[in-house]
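Working notes, beginning with the structure itself.
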Amino acid sequence: MSFFRVYFSIALALLITPAASLAAVQNAFGEPKFDHTHALFDSVLRKHVRNGLVNYRALVNDKQDLDRYLAIIGEIKWANYISWTRNRKLALWINAYNAFTIEAILRHYPIGKPNPLSPYPENSIRHIDGVWSQTIWTVAGKSLSLDYIEHEIMRKQLKEPRVHFVLVCASIGCPLLEDRSFRADTLEQRLEAAAYNYINRDGKVRVDVKNETIWFPMIFDWFGKDFIDSYTDTSLFEGRSKIEKGLLSFIYKRVTGKKKEMMRKNNFSIKYIPYDWSLNEQDGS
Numbered sequence: 025m026s027f028f029r030v031y032f033s034i035a036l037a038l039l040i041t042p043a044a045s046l047a048a049v050q051n052a053f054g055e056p057k058f059d060h061t062h063a064l065f066d067s068v069l070r071k072h073v074r075n076g077l078v079n080y081r082a083l084v085n086d087k088q089d090l091d092r093y094l095a096i097i098g099e100i101k102w103a104n105y106i107s108w109t110r111n112r113k114l115a116l117w118i119n120a121y122n123a124f125t126i127e128a129i130l131r132h133y134p135i136g137k138p139n140p141l142s143p144y145p146e147n148s149i150r151h152i153d154g155v156w157s158q159t160i161w162t163v164a165g166k167s168l169s170l171d172y173i174e175h176e177i178m179r180k181q182l183k184e185p186r187v188h189f190v191l192v193c194a195s196i197g198c199p200l201l202e203d204r205s206f207r208a209d210t211l212e213q214r215l216e217a218a219a220y221n222y223i224n225r226d227g228k229v230r231v232d233v234k235n236e237t238i239w240f241p242m243i244f245d246w247f248g249k250d251f252i253d254s255y256t257d258t259s260l261f262e263g264r265s266k267i268e269k270g271l272l273s274f275i276y277k278r279v280t281g282k283k284k285e286m287m288r289k290n291n292f293s294i295k296y297i298p299y300d301w302s303l304n305e306q307d308g309s
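Here the working numbering = 1-based position in the sequence shown + 24.
Laid out in structure tokens, this is it:
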């Protein structure tokens, strides 16, 4: 079929169906259809992530899929992006944030400790100046920092508190990095599983029944207000602050047995676990 016949067919379709999407027209003229399974990033994670830790030493010499993925998400058409569902948008930003963070580490790997007086571990991402606020990345043609992606887009625009259980800042104190990419069709299940694992499996939240203490991660200190509106159960945790009520309500629904019983009594103390800024790197890598 000639170019002119294709053009005529599209024009006729637009006349007949005024609601035809701009994205469909753009794809007809050669824009590759975006892969919402995020298969390229998925291949990176499956190959180089084990038990939440990254083999940076191997990945630094095996970056083809990561480089291609970063290029592709940069070339998404904004007109197409804004037509996506909320879950497709959120899956993109979660994957993009984690992919950009990995790339930031690889650009400086192996990380050294430039200042011997620094309080951070030698291999910490904290030694990369401006990694969250000044390093600029491209998504859908927009130039953005990691801070903007997390705080303005995912927290404020998309309003999803559970991203705190899947965004990984390349540190041991972060959630464990999953070895699969996120995708829209399973996003709700994945976010809920990540929240459950963060609280119950991974030791990021510690409900100490014996000593009647709940140990919060520092993420809850920094972003606890995100949980107030969506998760607060006003029938529980009388006398606690608004932020504590939101966080405790969220945790309460995801624990069982003696932990739940202790929380119901509301006679426990809250303490915070110091954040571990060591690189989330596999041993021996």
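Every residue, glycine too, gets a C-beta built ideally from N, C-alpha and C.
Taking 6 Å as the limit between beta carbons, can you name the residues of its chain near A120, skipping five residues before and five after?
I97 and V163
Distance CB(N224)-CB(R278) smaller than 8 Å
yes
With distances taken from CA atoms, which of P241, K269 and Q306 is nearest P298?
Measuring from the Cα of P298, the nearest candidate turns out to be P241.
Taking the C-alpha atoms as reference points, what is the distance between V7 and N122?
A query on residue 7 cannot be resolved here, the shown segment of the chain reaching from 25 to 309 and no further.
Are A219 and F247 touching if we call contact CB-CB under 8 Å?
no
Using three-state DSSP, classify S273 as helix, strand or coil.
helix
In chain order, what residues of the same chain have a beta carbon less than 8 Å from the beta carbon of K283, not counting five sequence neighbours either side?
If we look at K283 and ignore the five residues flanking it on each side, its Cβ neighbours are V231 and V233.
Where G154 falls, given that 16 or more other Cβ within 10 Å makes a residue buried
A residue is called buried when at least 16 other Cβ atoms come within 10 angstroms of its Cβ; G154 does not meet this threshold and is exposed.
Rounded to a whole number of angstroms, what is the C-alpha to C-alpha distance between S167 and N79?
28 Å
Which residues in the same chain have their Cβ closer than 7 Å to the Cβ of K137, if we skip the five residues on either side of it in sequence?
E146 and H151
Out of S254, E202, G197 and F251, point me to the one whose CA is closest to I149's CA.
Scanning S254, E202, G197 and F251 for the CA closest to the CA of I149 turns up G197.
Please determine if the region 168 to 177 and the region 85 to 96 are in contact, where contact requires at least 3 C-beta pairs separated by less than 8 Å.
no
Apart from the five residues just before and just after F28, which ones in its own chain have a Cβ nearer than 6 Å to its Cβ?
At F28, the pLDDT of 39 sits below 50, so the modelled position is not reliable; the number obtained from the coordinates is stated separately. Answer for F28: no residue qualifies.
Would you tell me roughly how many angstroms separate the C-alpha atoms of D91 and L260, rounded to the nearest one?
48 Å
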